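Residue numbers for the sequence shown, in the working numbering: 35 to 170.
For each residue, glycine too, the CB sits at the ideal point set by N, CA and C.
Predicted model only: the values in this text are computed from it and were never measured.
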Amino acid sequence: MLAGNHPFLFPVANKSPRHIISRFGDARGGRKHQGIDIKADRGTPVLAIAKGTIERVKDGGNGGRQVWLRLRDSTMVFYAHLDEQWVETGEEVNAGQAIGSVGNTGNARYTTPHLHFEIILPDKGEVDPAQFFEGA
35 MLAGNHPFLF
45 PVANKSPRHI
55 ISRFGDARGG
65 RKHQGIDIKA
75 DRGTPVLAIA
85 KGTIERVKDG
95 GNGGRQVWLR
105 LRDSTMVFYA
115 HLDEQWVETG
125 EEVNAGQAIG
135 SVGNTGNARY
145 TTPHLHFEII
155 LPDKGEVDPA
165 QFFEGA
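#1: Once you ignore the five residues that flank Lys73 on each side, which residues in its own chain have a CB closer than 7 Å to its CB?
#2: Cutting at 6 Å between CB atoms, please list the residues of its own chain near Lys85, excluding the five before and the five after it.
#3: Please state whether the Cβ-Cβ distance between Val136 and Thr87 is less than 8 Å.
#4: Using CA atoms only, rank isn't needed, just tell me which of Asp117, Arg104, Tyr113 and Gly95 is closest to Asn141.
#5: With three or more beta-carbon pairs closer than 8 Å as the criterion, would you say the segment 155-165 touches the segment 114-128?
#6: Using 8 Å as the threshold, is the C-beta distance between Gln68 and Glu152 below it?
#7: Helix, strand or coil, according to DSSP, for Ala114 in the structure here?
#8: Leaving aside the five residues before and after Gly38 along the sequence, list all residues of the same chain whose C-beta is less than 6 Å from its C-beta, in chain order.
#9: Could you tell me whether the Cβ atoms of Leu103 and Val111 are closer together than 8 Å?
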């Protein structure tokens, strides 16, 4: 799904903004949620929203299995709680390429499988990712 004037695909295969189960800014134990959570079955492919370079692949901490994607304009895209990671640091990816699969790793281990997804703009920091997806 292309996002209106934004060239971003939705980050979970065969899902749409109606599958968002937690929004940017929601309360999170004394802090605010800095992304959105998208519910999907474990193993559902997670997609690169645009062309870019894999900045980091990490396993551990609150995000569990994570992938960081740097877009051409230096926007960072953060994917967390993955079941599997299918890319390596430094790899170039295209929009729509599967980079991992939905899971519930890290601090999400007792929750339903979902993708935690953030967009971090170089000049603004974390912003509401839903604004980039039609119908959110």
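Considering the structure as presented:
#1: Looking up residue 73 in the sequence shown gives position 39. The answer, listed in chain order, is His53, Ile55, Thr146 and His148.
#2: To locate residue 85, count along the sequence shown from 1; it is residue 51. So the list reads Asn128 and Ala129, once near-sequence residues are dropped.
#3: As a first step, residue 136 is located in the sequence shown; it is residue number 102 there, counting from the start. As a first step, residue 87 is located in the sequence shown; it is residue number 53 there, counting from the start. Result no, Cβ atoms of Val136 and Thr87 do not sit closer than 8 Å.
#4: The residue given as residue 141 occupies position 107 in the sequence shown. Cα-wise, what sits closest to Asn141 is Gly95.
#5: no
#6: Your numbering for residue 68 matches position 34 in the sequence shown. Your numbering for residue 152 matches position 118 in the sequence shown. In this structure, Glu152 lies closer than 8 Å to Gln68 by Cβ.
#7: Along the sequence shown, one-based indexing puts residue 114 at 80. Residue state, collapsed to three classes: strand.
#8: The sequence position of residue 38 within the sequence shown is 4, counting from 1. The predicted model places Gly38 with a pLDDT of 45, which falls under 50 and marks its position as unreliable; any figure quoted below should be read in that light. Result list for Gly38: Glu168, in chain order.
#9: Residue mapping note: residue 103 aligns to position 69 of the sequence shown, counting from 1. Residue mapping note: residue 111 aligns to position 77 of the sequence shown, counting from 1. Going by C-beta atoms, Leu103 is nearer than 8 Å to Val111.
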